[in-house]
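Chemist: Here it is: the structure, laid out below.
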DNA sequence: TGTTAGCACTCATTTGTGTGGAGTGCTAAC
DNA sequence: GTTAGCACTCCACACAAATGAGTGCTAACA
């Protein structure tokens, strides 16, 4: 038995109806609402086949059918392979984003807008720090024996570190040290700062090696301490309004999952290193494909954004499997465009 | 009729029991579990009086009693006026806080620890930027026609701003401008940067007035754009586990309220400007005292932290009215101590 | 051979009803 | 002033019956 055209049409009808109503779909509903020209009885026979093929399932004996993960997968693959509108520049989106040039603020605004647009949960990772190029390092006097190191990378991302040192330094002196640091490090990837390099530069710095060493070590630490990327999320509460989470137990469990930044980071960056990016850069994981019990009713849509041509961060949406994939993908692409426009406009 | 000693004891018993169980308390329960030496019938008579006085109420005719907001108020005032342990330095708390010197990271860590400690929702405002003293301003070259301004204030708070300017500047030139800015602004409160002052300094800067003006304007903007303080929260999900929010509707509504940063900011800073700080710096608002429908089942405990002797931020806990006020206050005080220690150790 | 009407069957959901129990208020006795 | 006793209230829970959406199967039909 195979998936002929009529079966596919029925499957589409079931999924489409289920996306709208969140209720199991019966044969009569399809016969009435979708103009397929066949009776409920015939549809029932086909549905029985579709179930045998694994595309739909029954919550219980006397209920209608709901799509299985395999069914969603087919549906989503069809969407992904279809040509659809390329992302537009949405001027009203731009208006919602603050003018601030800081990338952290920008990304926070982006997820917030994305969550509002889609009524889903939006997540984004900050650019992978270790893969960014160092643009400028500046040391700033704070107070006796305390110095602020500002490290600027690609996309004008600035990271601040407070350093404690053993001697007093005035700003002119710090400017000189900053100059040395810039000479040595400008244009390097952050991850190229490793222990041998640190030693080499310290030797070069002569009797100013303490502070130079501290700067580099603190950056080295940061990269290796999970601070490589931060995660921003927005709109987790949107999940609470969905019928799939109308049970308090489920609601709590999904909220807890979404609250675990480390887990979300892992989820988001999972396929990132391996670059297992599919169709048109958009990656979709449906239900059990996320390999997590608490995410089994959710789908995750992700895509990467690029800075200086390199994919440095991931942005995504988490929603019920029953979400509007089409428009979610569209919103995601529009926002990506906005991010990249702002981070590469130089 | 007035509140004699016996009535007070019964009231305490009711509240104490209700804090534990979240169930209305009946006369028999009190008679059995609290050694007051009186029968349920007598307690019933007293309870009837307490209800008339407004300290307790009945959810429905044949139920036990629960404390009213007025009852909680009495109870909380007793706690506040009692002498209790002064906050300790908790070494295990210190271990949980990251070593990073950045105040934003510190405050985020603080709310996270506080939420875990108390199982409540912790909130904190970053130091009121406008009231901070400027310590150092440094301009950093980003790329052609883009400059990063780093402004460091009290407590080593660093704020970054990306500026777009109309000419190219190299770092040595920016160092000179930074020097000028520092000369003019060091030691001023941020809010002292106003339009007349900006004009004055621009005049002083001669042909470099563009960039100097931009720096000051962007700071001026920030202070007047709600960026004066940020709000960090943690542990909102803790609310979902409480019996008072076992109804999904209530749960959703409290989560939505806690998600509204602007509302939380207002809640937190409400009494801040007026400095209506009570007993020992700890301020408690119970249920309806918060003047918000969604907060009517919650209490808010707040207190201020000081930098350089000035109260610049507020930290607080939101929990059910039924929370353990004693230990919440204690945890709050301990964490305040930790904040102030780190921000004033110079 | 594919399609369809008819029918018996299943099972979640809703509605109604009775019962148990916790707790009160009142009264009368101590 | 305190307490035992008792009638009364009302929620919570369990259980049964009714409802209805939907299925699978069978037999008839084109």
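Residue numbers (the numbering used here), protein chains in the order written: chain A, 30 to 375; chain B, 30 to 375. Quick reminder that beta carbons are idealized off the backbone N, C-alpha and C, glycines included.
1. Residues in its own chain within less than 6 Å of residue 370 of chain A by CB, not counting five upstream and five downstream?
2. Along the region 237 to 265 of chain B, where does the CB come closer than 7 Å to a CB of chain A? Name the residues.
3. Which term fits residue 183 of chain A, buried or exposed, when burial requires 16 or more other beta carbons within 10 angstroms of its beta carbon?
4. If you reduce the DSSP assignment to three classes, tell me which class residue 284 of chain B lands in.
5. What is the rounded straight-line gap between the Cα of residue 227 of chain B and the Cα of residue 233 of chain B?
6. Can you grab the Cα-Cα spacing for the pair residue 51 of chain B / residue 281 of chain B, in whole Å?
7. Distance check for residue 162 of chain B and residue 339 of chain B, CA to CA, integer angstroms please.
8. Suppose you measure from the CA of residue 219 of chain B to the CA of residue 81 of chain B; what does that come to, to the nearest Å?
9. Quick check: what's the CA-CA separation for residue 65 of chain B versus residue 361 of chain B?
10. In this structure, does DSSP put residue 325 of chain A in helix, strand or coil?
11. Compare the beta carbon distance of residue 241 of chain B and residue 210 of chain B with 8 Å and say whether it is the shorter of the two.
12. Does the beta carbon of residue 270 of chain A sit closer than 8 Å to a beta carbon anywhere in chain B?
13. Can you tell me which of the three DSSP states residue 362 of chain B falls into?
14. Would you mind stating whether residue 96 of chain B and residue 85 of chain B have Cβ atoms separated by less than 8 Å?
15. Tell whether a beta-carbon distance below 8 Å holds between residue 154 of chain B and residue 364 of chain B.
16. Can the beta-carbon of residue 349 of chain A be found closer than 8 Å to that of residue 246 of chain A?
17. Measuring only the C-alpha atoms, how far is residue 149 of chain A from residue 344 of chain A?
18. Using DSSP bridges, identify the partner residues of residue 177 of chain B.
19. Which residues in the same chain as residue 123 of chain A place their Cβ atom closer than 7 Å to its Cβ, once the five residues preceding and following it in sequence are excluded?
20. Is the number of C-beta pairs between the region 250 to 261 of chain A and the region 191 to 211 of chain A that are closer than 8 Å three or more?
21. Tell me whether residue 225 of chain B sits in a helix, a strand or coil according to DSSP, three-state version.
22. Can at least three beta-carbon pairs, one atom from the region 164 to 175 of chain A and one from the region 134 to 142 of chain A, be found at a separation below 8 Å?
23. Inspect the beta-carbon positions of residue 72 of chain B and residue 59 of chain B and report whether they are closer than 8 Å.
24. With DSSP run on the structure shown, which of helix, strand or coil describes residue 307 of chain B?
25. Within 8 Å of any Cβ in chain A, is that where the Cβ of residue 191 of chain B sits?
26. For a contact defined as C-beta to C-beta under 7 Å, what are the partners of residue 169 of chain A on chain B?
27. Thinking C-beta only, is residue 286 of chain B closer than 8 Å to residue 157 of chain B?
28. By DSSP, does residue 218 of chain A sit in helix, in strand, or in coil?
29. Grab me the residues of residue 290 of chain A's own chain with a C-beta within less than 7 Å of its C-beta, minus the 5 sequence neighbours each way, in chain order.
30. Identify the contact partners of residue 281 of chain B in chain A, using a Cβ-Cβ distance below 9 Å as the criterion.
31. Let me know if residue 159 of chain A comes out buried or exposed under the rule of 16 or more other beta-carbons within 10 Å of its beta-carbon.
Modeler: On the basis of the coordinates in this document:
1. none
2. none
3. buried
4. helix
5. 10 Å
6. 20 Å
7. 11 Å
8. 53 Å
9. 34 Å
10. coil
11. yes
12. yes
13. helix
14. yes
15. no
16. no
17. 13 Å
18. B:169 and B:191
19. 367
20. no
21. helix
22. no
23. yes
24. Here residue 307 of chain B scores only 44 on pLDDT, less than 50, and its place in the model should not be relied on; the value that follows carries that caveat. Correct three-state label for residue 307 of chain B: coil.
25. yes
26. 165, 167, 179 and 181
27. no
28. strand
29. 260
30. 266, 269, 270 and 280
31. buried
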